[in-house]
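Note sheet for the following structure.
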Amino acid sequence: MPVDVQTETVIACPRDRVAAYACDPDNAPAWYANIDTVEWRTEPPLALGSRVAFVARFLGRRLAYTYEIVEYEPGRRLVMRTAEGPFPMETTYVFEDAPGGTRMQLRNRGEPAGFSKLVAPMMAAAMRRANETDLAAIKQILEGGQGSG
Numbered sequence: 067m068p069v070d071v072q073t074e075t076v077i078a079c080p081r082d083r084v085a086a087y088a089c090d091p092d093n094a095p096a097w098y099a100n101i102d103t104v105e106w107r108t109e110p111p112l113a114l115g116s117r118v119a120f121v122a123r124f125l126g127r128r129l130a131y132t133y134e135i136v137e138y139e140p141g142r143r144l145v146m147r148t149a150e151g152p153f154p155m156e157t158t159y160v161f162e163d164a165p166g167g168t169r170m171q172l173r174n175r176g177e178p179a180g181f182s183k184l185v186a187p188m189m190a191a192a193m194r195r196a197n198e199t200d201l202a203a204i205k206q207i208l209e210g211g212q213g214s215g
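What follows is the structure, given as structure tokens:
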């Protein structure tokens, strides 16, 4: 059973500012509740083919994974993908102008394997809650003026 979770929010800031902050991996620990550390595997700045390693916690487990940037349209869209571990994942950010600011969409999808396959429905629900928390955090950071990225 594939997992496919999409969430969105409107942030009262210009699209380019929201996208620049969200697409900078160094900012991820500030707005992703489950991400502990980020390490560039290629030289910054972010570009097609960049690789970034993350250490996160999810459902009580420590996860270490490396994303590769597979699509990047600055200010509009970012797609990153990993094929490592028990849960290959693709994460997509889409940024659109919206009344009052920017609509940011966050989508995570993947194909669980092994034990992860058995808990896919629970995983999707937990992922949705986490994404909603993360989008609320980035909204608060950017609207509160803390995100200069």
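Here the numbering used here is used: the first residue of the sequence shown is 67, the next is one more, and so on. Glycine residues also receive a C-beta, built at the ideal position from the N, C-alpha and C atoms.
Rounded to whole angstroms, the Cβ separation of V84 and M170 is 6 Å, and the two are in contact under 8 Å.
Counting only residues of its own chain and dropping the five nearest sequence neighbours on each side, Y138 has a CB closer than 6 Å to the CB of L114 and L144. Judged by DSSP secondary structure, L144 falls within the beta strand (DSSP E) whose first and last residues are R143 to T148.
Around the beta carbon of G210, fewer than 16 other beta carbons sit within 10 angstroms, so the residue counts as exposed.
Beta-bridge partners of D163 (DSSP): T168. Cβ contact annotation for R194 (same chain, cutoff 8 Å, sequence separation greater than five): V71 and T73, in chain order. The beta carbon of F124 lies closer than 6 Å to those of N100 in the same chain, with the five residues before and after it left out.
Y98 and D92 have their alpha carbons spaced roughly 11 Å apart. Between the beta-carbon of A96 and that of I207 there is about 6 Å, and that keeps the pair under the 8 Å contact cut.
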